[in-house]
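Notes follow the structure.
Protein chains: 2
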Amino acid sequence: MTTDLAFDWPQHFAHRAGRMTASEIRELLKLLDQPDVISFAGGIPDPHQFPRDAFAEAYGTLLGDPANARIALQYSVSEGYRPLKQWLAGHMEGRGVPCTEDNILITAGSQQGLEFLGRLLLSPGDTALVAAPTYLGALQAFSAYEPAYDVLGLDRGNATPEAYRERAAGAGGAVKFAYLVPDFANPTGDTVPLAARHQVLDLAAALDIGVIEDAAYQALRYDGAEVPSVLALDIARTGSIERSRTVYAGTFSKTLAPALRIGWLCAARPLIDKLVLVKQASDLHCATINQMVMYRVAKATYDDQVKRVRTAYAARRDAMLAALARHMPAGVRWTRPQGGMFVWVTLPDTVDGAALLARAVAQARVAFVPGKAFFATDAAANTLRLSFSLASEAQIDEGIGRLGRLIAATA
Amino acid sequence: MTTDLAFDWPQHFAHRAGRMTASEIRELLKLLDQPDVISFAGGIPDPHQFPRDAFAEAYGTLLGDPANARIALQYSVSEGYRPLKQWLAGHMEGRGVPCTEDNILITAGSQQGLEFLGRLLLSPGDTALVAAPTYLGALQAFSAYEPAYDVLGLDRGNATPEAYRERAAGAGGAVKFAYLVPDFANPTGDTVPLAARHQVLDLAAALDIGVIEDAAYQALRYDGAEVPSVLALDIARTGSIERSRTVYAGTFSKTLAPALRIGWLCAARPLIDKLVLVKQASDLHCATINQMVMYRVAKATYDDQVKRVRTAYAARRDAMLAALARHMPAGVRWTRPQGGMFVWVTLPDTVDGAALLARAVAQARVAFVPGKAFFATDAAANTLRLSFSLASEAQIDEGIGRLGRLIAATA
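Protein sequences appear in the order of chains A and B. Counting from 1, one number per residue, gives the positions in the first sequence under our numbering. Counting from 1001, one number per residue, gives the positions in the second sequence under our numbering.
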């Protein structure tokens, strides 16, 4: 037994897998879940809202019947459980997206959909257009494939197609897609207005690229008028999902429950057909039993459940906006989301969100996520993300009060 | 609405994702599942063996308790459910692999483990060493990352390290790992003898590469003495899992049930730590509820269940070997597996397995998988894979009888 027998794994990792960032944030979230800390950090649903009875009934009914149980516990097809895909095609049609089950792939949450799209569309050096800030998990999913990032402007307008093309060529590739969370985005809570959605489609047409629409929070609207999805707008332009450049990533994680890991992609069939092969190579298929259960629970409770979580989260959103108005010192700005789980706070230029967090946890016993991690390129350090999905209304007022006093003492 | 608005997705796929092969085989398996065809094609467990009562009880108990249900339906950590990882560490220790829960990552079946390892270890042009033939799903998982393949010899000896190195350099990269299914391999049913396992470790040491041990069938031994796993041998050489070059891919799919998509990787901690990030970027985590259920079912029934499926499959293996001896014409050879689900048949040189399949389904109403698909490089077309896991003993005798008569009429 000599030292040189030992194998050094990290020396053997391919470069492309070395770029996955931001896990520090998730580590941080774990640390922040201390019982005496009021946490606005984790962007996760309130587990008291899960339709437990519906899930218990669905698992029980399936496994109570021998013939169903043999199907529910067996291998299954990569594209997903057909009745669930049919239900989702109907669901999408109800949102202005006429399609069939063949336009649907079942994925392990929308996260897996994003990772598959990164794998399928990016070569090293290619450019992905993302908002600044944007969803951390999308950056993690795409970064394994070594893209450059450029900024997709959703409020202040975009660069010209030529400018994007030149910058992408300078980075060693071409622009491959635009990614956006159009409704109640993680982390800002912002909704992309109709005109800006059209501008994204115009830009994508000019660049001849695909558009990835991350619809994770789309069902969670608390007020204001619904804006058509980017995929619906694309179909209205082109006449058919088969001619559209948009792929829609949906999930049951924010409405029914995240733990079953059931989401979906909806797009033109040639893309879905290829992604079925990616799914097969990746993990064969999503858990059969969970797909069958999600179909039953969605069919039985989806609309009621969406109403229920909207009511619960709307009250917390209201409580957080009221608390911010009450407790934040002058010079602090924040978004007014019409849905979702997040408020984005911009501090005075001199205050660093990460430094503030350290003091907030140690002194004020309140937690949030510093904004820096959500930027692919130039980060605005004077920002932070607050989640209102988990804390009670009383905790929200108390926690925002503590945070406001700390910022006032800091700035 | 003009034609040039339509988007052409396939034009936008990255080259690396264009190499996924062999889905035709899975399509074929679907077509072959016709009620009047005796099928030896699909390599899947017998659903009548699934411990349905244990699963029903575990899902029911978890969801029957509000506090447990809130955990079971919520997001979870990427590395996996701790009690399941602890159970698996004990399970691995019982197989000569002293380790802790930190050496375990929970994956969506062993298939996801293989895909993660391909992603983490391969750059385009690198070489993967695989047996000829080998598991189709491994080739699918690795091929997305555009490796070259070279042959890992498990019976007739290997090339010199220098020869492997030269061929890999000629293919534009370096040898990155050796992949093998040491016990009752898919598709051959063969078990790699102890001396050959040591030779693989010697070769890997000479090449300074990792070893991927696919243990999918390891628990399904029907007779003969157990051979230590490659990881156990590696640890016996190096003194510790932390110094070993072998990563072990395990699964509950062949023992408890495949549909929950729960498998695991077991390896040195620096590799597992990196793979946790890959998991996080890929799908956040495996289904929480399924991990909690699998822990309960494994703890309650694993040993009994393994005994039960061994007894059932051993009888079918015996029936198939007896039927082959009874019905096959001279010039046909086959393996005598000590476990697993497969027998590998070599036909006379002039008989093509794929052409035989067409006639077998049309004329004899019997199905199998032609052997060609299981070769990464030079395929032996005169081969086929028979699975004995699904058909009854009477069907096996009848089906092999039909096949034997067809081959006799063909050769």
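Here a beta-carbon is modelled for each residue, glycine too, at the ideal position from N, C-alpha and C.
*Taking the beta strand (DSSP E) that Arg1385(B) falls in, what are its first and last residues?*
Thr1383 to Ser1387
*Would Ile212(A) count as contacting chain B if we go by Cβ distances under 9 Å?*
no
*If you run the structure through DSSP and keep just helix, strand and coil, what is Thr1160(B)?*
coil
*Whose C-alpha, out of Ile1209(B), Thr1410(B) and Asp1155(B), is nearest the C-alpha of Lys1176(B)?*
Ile1209(B)
*At a CB-CB cut-off below 9 Å, which residues of chain A make contact with Thr1311(B)?*
Residues of chain A passing the Cβ test: none, with the nearest at roughly 19 Å.
_Is there a Cβ of chain B sitting closer than 9 Å to that of Thr288(A), yes or no?_
yes
_Classification of Arg1197(B) by the beta-carbon crowding that lies within 10 angstroms, buried from 16 upward_ = buried
*When the cut-off is 9 Å and only beta carbons count, does Phe1055(B) lie next to chain A?*
yes
*Secondary structure at Asp214(A), three-state DSSP: helix, strand or coil?*
strand
*Put Ala178(A) into one of helix, strand or coil per three-state DSSP.*
strand
*Neighbourhood of Asp1046(B) by C-beta, 7 Å cutoff - its chain only, sequence neighbours within 5 removed*: Ala1312, Ser1389 and Leu1390
*Using a Cβ-Cβ cut-off of 8 Å (strictly less than) and excluding sequence neighbours within five positions of Ala1381(B), which residues of its own chain qualify?*
Asp1352, Gly1353, Ala1354, Pro1370, Gly1371 and Lys1372
*Specify whether the segment 62-79 of chain A and the segment 288-300 of chain A touch according to this definition: at least 3 beta carbon pairs, one from each stretch, less than 8 Å apart.*
yes
*State the DSSP-derived secondary structure class of Arg1365(B), mapped to helix, strand or coil.*
coil
*Starting from the beta carbon of Ala1259(B), find every residue of chain A whose beta carbon is closer than 8 Å, and list them in chain order.*
Ala72, Leu73, Gln74, Tyr75, Ser76, Ala287, Thr288 and Ile289
*From the DSSP output, in three-state form, read off Asp53(A) for me.*
helix
*asked:* Measuring CB atoms only, is the segment 295-302 of chain A touching the segment 316-325 of chain A, in the sense that at least three cross pairs come out at less than 8 Å?
replied: no
*asked:* In this structure, how does DSSP classify Phe252(A) when only helix, strand and coil are distinguished?
replied: coil
*Contact check, Leu1117(B) vs Glu1079(B) under 8 Å by CB: the rounded distance?*
Their Cβ separation, rounded to whole angstroms, is 16 Å, which puts Leu1117(B) and Glu1079(B) out of contact at 8 Å.
*Could you spell out the range, first to last residue, of the beta strand (DSSP E) harbouring Thr1127(B)?*
Thr1127 to Val1130
*Should Thr1124(B) and Pro1187(B) be called a contact, given that it needs their Cβ atoms to be closer than 9 Å?*
Sequence inspection shows Pro at residue 1124(B); the Thr mentioned does not correspond to that position. No, they are not a contact pair.
*Within the 9 Å Cβ cut-off, does Asp1126(B) reach chain A?*
yes
*So which residues of chain A does Pro1329(B) contact, with C-beta pairs closer than 9 Å?*
Simply none; closest approach about 34 Å.
*Measuring only between beta-carbons, confirm whether Ser389(A) sits less than 9 Å from chain B.*
no
*From Phe374(A) to Thr238(A), what does the alpha carbon distance come to, in whole angstroms?*
33 Å
*Looking only at its own chain, which residues have a Cβ that is under 7 Å from the Cβ of Asp1397(B), when we skip the five neighbours before and after it?*
Ala1319 and Ala1323
_Please list, in chain order, the residues of the segment 234-252 of chain A that have any C-beta partner in chain B closer than 9 Å._
Asp234, Arg237, Thr238, Gly239, Ser240, Glu242, Arg243, Ser244, Arg245, Thr246 and Val247
*Since Met1141(B) contacts Glu1115(B) with CB under 8 Å, what's their CB separation in whole angstroms?*
The question names Met, but residue 1141(B) is Ala in the sequence shown. Yes, Ala1141(B) and Glu1115(B) are in contact; Cβ-Cβ is about 4 Å, under 8 Å.
*What is the DSSP secondary structure of Ala1262(B), reduced to helix, strand or coil?*
Checking the sequence, you will find Ile at residue 1262(B) rather than Ala. Of the three classes helix, strand and coil, the one that applies to Ile1262(B) here is coil, per DSSP.
*Please check if any C-beta of chain A sits within less than 9 Å of the C-beta of Glu1101(B).*
no
_Quick check on Gly339(A): does DSSP put it in helix, strand or coil?_
strand
*CB-CB under 6 Å to Trp334(A), same chain, minus the five flanking residues each way: which ones, in chain order?*
Leu324, Val343 and Val345
_Any alpha helix (DSSP H) of 4 or more consecutive residues that is wholly inside the segment 111-154 of chain A_ = 136-143
*Which residues in the same chain as Arg336(A) place their Cβ atom closer than 7 Å to its Cβ, once the five residues preceding and following it in sequence are excluded?*
Leu321
_Taking only three categories from DSSP, how would you classify Pro370(A)?_
strand
*Buried versus exposed, by CB contacts within 10 Å (16 or more), His1285(B)*: buried
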